[in-house]
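One structure below.
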DNA sequence: CCAAAAGTGTTGACCGTACACCCATGA
DNA sequence: TCATGGGTGTACGGTCAACACTTTTGG
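Protein chains in written order, with the working numbering: chain Y, 1 to 229; chain F, 1 to 229.
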């Protein structure tokens, strides 16, 4: 090893995951009751240290799948937090990731086992360290990305209705949309496939089911379409 | 220290800086000839290890100001690169930052001393490790941010002309704009202050000088203005 | 039969884009 | 006087935002 490397100081590096979910009640955040000191018993994001033989992305994926049991998760690096005193226990640099989980693929049983709980995005409790800052940044990122890319689909089941999709976007952007304009915009993207089936869970009339056409979406992205609503 | 921290493995953490500059010839990148093995003699980004007693942001700023002699630099964290084998010399996790430098405040003499050289953004050589990937991501970020925030100003002297500003935006977005539309858009933002002086370096007629009004700009950002051209 | 959610079109305002000529001046 | 870059206005088309009524059907 070149001498320059031996002069570098070594650090503890963690990953912390902001886990978003979505259901009838709106956008949710999965939080965990901390099991160790300091700050034992307080709510926190899911975290873990990075091993020597895994990449940072792999570490985030490992931590997530250990807890959720899911392997196909939308996961994206958010930001790295490196203040010296950010963690009261030791100097730890934390690389934050955010994940989007399809709630219908996630088992609620896991929560009791891990002391976890879903919180509504507009009712997030005080979290340890700088975790509230991470959550705010993740929400801002989700909003920004949703304007140009349909990542919101990652939070919905494979088949969904347009009113359901609208509720998702209203939850992400925290504002209401006109349903005629919303439908018009979504349809104009030509990336939805309509089914004959209806979902009657939320209304007597029933709403047609749609799915998302990934091939058409990729073409759309290349052309530089703007998903803004 | 809680037991959990002592189980974490420690890593070498570096910062790497993508340094942008701008002059008559266009958008530039400051690159350095590597002085150590492996890859000695190849071009690379400016980098350094993070000390135990400094935050990650502070480390990036320290590395930058050691080289450029500048202290007021626009600096923003870009992304963290954590593949196990990304650095051929050792397992190093690198936190990339990008910097915008006003070329008139930067002394060209510094370059010889540090084996550094400015490269045109559309003529970047092969760099060590994953540094080309970092550069591409930084340019994409600069483009995206420039659509909603006038960070391009960080690359210009305090007083500049509108044709100069247009050249900067054309360099960032790598495409030409209609000068009437550009001027109209920029003026409509109402964040420029016009001076009576003219700059005659680039034309016989001379172009009026402007400066950027940060107070008006901040108000604009709160209202959510779109800087897109 | 009625409550509740799904579905449907039109219009005006604004913004982005395309486009051509005159002005000032140093050489 | 002329070559060079600086400066100016208008018209079209597309996208966003506002707005109200009909349809379906389970209870």
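Glycine included, every Cβ here is placed at the ideal spot set by N, Cα and C.
Segment contact: the region 54 to 63 of chain Y against the region 192 to 206 of chain Y, fewer than three CB-CB distances shorter than 8 Å; contact not assigned. Less than 8 Å divides the Cβ of residue 150 (chain Y) from the Cβ of residue 217 (chain Y). The region 76 to 94 of chain F and the region 105 to 125 of chain F do not touch, with fewer than 3 CB-CB distances between them shorter than 8 Å. Rounded to whole angstroms, the Cβ separation of residue 124 (chain F) and residue 209 (chain F) is 32 Å, and the two are not in contact under 8 Å.
Listed in chain order, the beta strand (DSSP E) runs fully inside the region 45 to 117 of chain Y are 46 to 49, 74 to 81, 92 to 100, counting runs of at least 3 residues.
Three or more pairs of CB atoms, one per stretch, sit closer than 8 Å, so the region 38 to 55 of chain F contacts the region 2 to 21 of chain Y.
Contact of residue 172 (chain F) with chain Y is not assigned, every C-beta pair being separated by 8 Å or more. Listed in chain order, the non-local C-beta contacts of residue 168 (chain Y) below 7 Å within the same chain comprise 22, 152, 155, 156, local neighbours out to five positions each way being set aside. Scanning its chain for C-beta atoms nearer than 8 Å, with the 5 sequence neighbours on each side dropped, one finds around residue 18 (chain Y) the residues 29, 45, 78, 96, 97, 98, 99, 134, 135, 138, in chain order. DSSP places residue 138 (chain Y) inside the alpha helix (DSSP H), whose first and last residues are 131 to 148. Under DSSP, residue 227 (chain Y) shares a beta bridge with no residue. Here the C-alpha atom of residue 185 (chain Y) lies approximately 19 Å from the C-alpha atom of residue 159 (chain Y). The three-state reading of DSSP puts residue 182 (chain Y) in helix, counting H, G and I together. The residues 65, in chain order, have a CB closer than 6 Å to that of residue 71 (chain F) in the same chain once the five nearest residues on each side in sequence are set aside. Residue 215 (chain Y) counts as exposed, since fewer than 16 other C-beta atoms from the protein chains shown sit within 10 angstroms of its C-beta. For residue 145 (chain Y) and residue 33 (chain Y), the gap between their C-alpha atoms comes out near 29 Å. If you check the CB distance, residue 147 (chain F) and residue 227 (chain F) come in under 8 Å. Look at residue 201 (chain F) here: in three-state DSSP terms it is coil, with no helix or strand label.
Against residue 49 (chain Y), the close residues of chain F are 4, 5, 7, 8, 9, in the order they occur along the chain (beta-carbon pairs closer than 9 Å). For the region 69 to 91 of chain F, the residues whose beta carbon sits under 7 Å from a beta carbon of chain Y are, in order, 77, 79, 80, 82, 83, 84, 89, 90, 91. By the criterion of a C-beta distance shorter than 6 Å, residue 89 (chain Y) is surrounded in its chain by 38, once the five residues flanking it on both sides are discounted. Against chain F, the beta carbon of residue 56 (chain Y) has neighbours under 7 Å at 80, 82, 93, listed in chain order. Secondary structure at residue 177 (chain F): coil, using DSSP grouped into helix, strand and coil. Residues of chain F with a Cβ closer than 7 Å to the Cβ of residue 53 (chain Y) are, in chain order, 84.
Using a 10 angstroms sphere on the CB of residue 94 (chain Y), the tally of other CB atoms reaches 16 or more, which defines it as buried. The secondary-structure analysis by DSSP pairs residue 14 (chain F) across a beta bridge with F:49, F:94.
Any Cβ of chain Y closer than 8 Å to the Cβ of residue 13 (chain F) would place that residue at the interface, and such an atom is present. Counting only the Cα atoms, residue 172 (chain Y) lies some 22 Å from residue 207 (chain Y).
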